[in-house]
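Enquirer:
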Amino acid sequence: MKLSRRQFGSAISAAALTTAYGRPGWAQGPLVIKFSHVVANDTPKGKGSLQFKELAEKYTGGKVKVEIYQNSTLYKDKEEIEALQLGAVQLLAPSTAKFAPLGAKEFEALDLPFLFNSDEQYAKVLGGDVGKYLFAKLEAKGITGLGFWDNGFHMITANKAVVVPADLQGLKVRISGSKVADQYFRKLGAIPQILAFSEVYQSMQTGVVDAGENTASNILTQKFYEVQKHITIARHAHLQYAVVANSKFWGSLPPDIKAPLDKAMTEANDYTNGIARQENIDALAEMKKTGKNEFHVLDEAQRKVWRDAMAPTYTWAESRVGKEVIDILQKATASG
Ligand code: LMR
């Protein structure tokens, strides 16, 4: 027979029967951590979360069970962060722009066009003080940053050939919510539309939008390439995620759970950042094999035309994300 709290009597308070991490002391079985994300398992983020699950369960000797919810099966874009704050889910890895609605607008600065020159430079900048600076902005919102996960540079998919900025004139371009992305597309004469990731395929198929920006691994696994004939390798902006936990939850884990989870997370961070580049190269090769698309690879001279056209976004962004973070990023990316 199971005892209710009341049956334990008044000598032992309910609080004493609740462990630091919120489970009733008499609860049987492992601590369940829900990790929600919006992409497919077969992407850098999907694989990273599965890697964390495997390591976390191994290192805690089964005291923790990690449930992965891929492809928006638990929460869609906007709902995710609210669910984390409410404690309905314990771990997330949203694209960094998605923290702006919380008030951590500095994260949107990472969407500035042509900010990073290379994968190596991106990794160095986010792995250093800039990453710490950004995570400090989240802590005040009850969210603890545990790492950044790379997903590489954006491409443009469209229902027509997009090579020069004027090709985007009047096109409805799906964006995920970043106001900075909204601006840089507006500078090219496009009409940005915010849509949840889970709604993009259908919106492209039915013509609600004409174009979008994403990475090869997302374009492949969400099948956007089936409903967008043209793919432009523009590398105009970068997509990265912040792996985050509910601070109350993460901070109150007992040491015998916290230490192995920290170790699992550190290793999952390295793993994910180690595979992201190749995953995207492979995804692009796979799409090319289908023969469904026309690819437009912009050379440096063509990219410069885009860069110049999007450049006014930097001045605009000062009033949105603050000059401080833009200065920090420009300094960090000035060399290399
Ligand atoms: C998007 O909405 O396009 C991306 O943020 C999805 C993702 O998480 O990769």
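So for the sequence shown, the numbering used here puts the first residue at 8; every next one is plus one.
Virtual Cβ for every residue (Gly too), placed ideally from N, Cα, C.
Since the model is a prediction, treat every value here as computed from it, not as a measurement.
So the candidates are 310, 175, 260, 231; which of them puts its Cα closest to the Cα of residue 240?
Expert: Comparing Cα positions, the closest option is 310.
Enquirer: In the region 33-108, which residue ranges form an unbroken beta strand (DSSP E) of at least 3 residues, counting only runs that do not cross its ends?
Expert: For the region 33-108, whole beta strand (DSSP E) runs of length 3 or above, ordered along the chain, are 38-43, 71-76.
Enquirer: What is the DSSP secondary structure of residue 204, reduced to helix, strand or coil?
Expert: Helix.
Enquirer: Go through its chain and collect everything with a Cβ distance to residue 344's Cβ below 6 Å, but skip five positions before and after it.
Expert: Shown here, the chain extends from 8 to 343; a query on residue 344 therefore has no answer.
Enquirer: How would you write the range of the beta strand (DSSP E) that residue 281 sits in, first residue to last?
Expert: Taken as a continuous stretch (DSSP letters only), residue 281 belongs to no beta strand (DSSP E), being part of the alpha helix (DSSP H) at 262-297.
Enquirer: Please give me, in chain order, every unbroken run of the alpha helix (DSSP H) with length at least 4 that falls completely inside the region 195-255.
Expert: 207-212, 223-228, 231-234, all fully within the region 195-255.
Enquirer: Can you give me the start and stop residues for the alpha helix (DSSP H) that residue 336 sits inside?
Expert: Taken as a continuous stretch (DSSP letters only), the alpha helix (DSSP H) holding residue 336 covers 330-339.
Enquirer: What would DSSP say about residue 152, mapped onto helix, strand or coil?
Expert: Residue state, collapsed to three classes: strand.
Enquirer: For the ligand LMR, is there any heavy atom lying closer than 8 Å to the beta carbon of residue 101?
Expert: Result yes, Cβ under 8 Å from the ligand LMR.
Enquirer: By the three-class DSSP mapping on this structure, what secondary structure does residue 306 have?
Expert: Of the three classes helix, strand and coil, the one that applies to residue 306 here is coil, per DSSP.
Enquirer: Consult DSSP for residue 121 and reduce its assignment to one of helix, strand or coil.
Expert: Residue 121: coil per DSSP, three-state reduction.
Enquirer: Is it buried or exposed for residue 71, if we count other Cβ within 10 angstroms and need 16 for buried?
Expert: Buried.
Enquirer: Look up residue 171 in the DSSP assignment and say whether it is helix, strand or coil.
Expert: Here residue 171 sits in coil by DSSP.
Enquirer: To the nearest angstrom, report how far apart residue 66 and residue 271 are at their CA atoms.
Expert: Cα to Cα, residue 66 sits roughly 7 Å from residue 271.
Enquirer: Would you mind stating whether residue 184 and residue 198 have Cβ atoms separated by less than 9 Å?
Expert: Their beta carbons are not under 9 Å apart, which means residue 184 does not touch residue 198 by this criterion.
Enquirer: Can you tell which of 73, 277, 164, 288 has its C-alpha closest to the C-alpha of residue 300?
Expert: Comparing Cα-Cα distances from residue 300 to each of 73, 277, 164, 288, the minimum goes to 164.
Enquirer: In whole angstroms, what separates the C-alpha of residue 253 from that of residue 213?
Expert: C-alpha separation (whole angstroms): 37 Å.
Enquirer: Could you tell me the alpha carbon to alpha carbon distance between residue 38 and residue 103, rounded to whole angstroms?
Expert: Computed Cα separation, rounded: 28 Å.
Enquirer: In the structure shown, what three-state DSSP assignment does residue 165 receive?
Expert: Of the three classes helix, strand and coil, the one that applies to residue 165 here is strand, per DSSP.
Enquirer: Apart from the five residues just before and just after residue 211, which ones in its own chain have a Cβ nearer than 7 Å to its Cβ?
Expert: Answer for residue 211: 219, 231, 234, 235, listed in chain order.
Enquirer: Just curious, the alpha helix (DSSP H) that residue 131 is in, first and last residue?
Expert: Where residue 131 is concerned, the enclosing alpha helix (DSSP H) stretches over 126-133.
Enquirer: Rounded to the nearest angstrom, what separates residue 257 and residue 116 at their Cα positions?
Expert: Each residue's Cα considered, the two are about 27 Å apart.
Enquirer: What is the rounded straight-line gap between the Cα of residue 318 and the Cα of residue 130?
Expert: In a straight line, the C-alpha of residue 318 is about 23 Å away from that of residue 130.
Enquirer: Below 8 Å, is the gap between the Cβ of residue 246 and the nearest heavy atom of the ligand LMR?
Expert: Yes - the ligand LMR has a heavy atom lying nearer than 8 Å to the Cβ of residue 246.
Enquirer: Figure out for me which residue from 86, 291, 139 has the closest Cα to the Cα of residue 224.
Expert: Checking every option, the nearest Cα to that of residue 224 belongs to 291.
Enquirer: Rounded to whole angstroms, what is the Cα-Cα separation between residue 60 and residue 73?
Expert: Rounded to whole angstroms, residue 60 to residue 73 spans 5 Å at the Cα level.
Enquirer: I'd like the list of long-range same chain contacts for residue 140, defined as Cβ closer than 8 Å, with 5 residues on each side in sequence excluded.
Expert: Contacts found: 113, 332, 335.
Enquirer: Is it the case that the Cβ atoms of residue 122 and residue 297 are separated by a distance below 9 Å?
Expert: For residue 122 and residue 297, no; Cβs fall outside 9 Å.
Enquirer: Which value, in whole angstroms, describes the spacing of the CA atoms of residue 107 and residue 138?
Expert: Distance between the alpha carbons of residue 107 and residue 138: 15 Å.
Enquirer: Going by beta-carbon coordinates alone, are residue 54 and residue 208 separated by less than 9 Å?
Expert: Their beta carbons are not under 9 Å apart, which means residue 54 does not touch residue 208 by this criterion.
Enquirer: Taking 9 Å as the threshold (C-beta atoms), are residue 100 and residue 268 in contact?
Expert: Contact flag unset, no.
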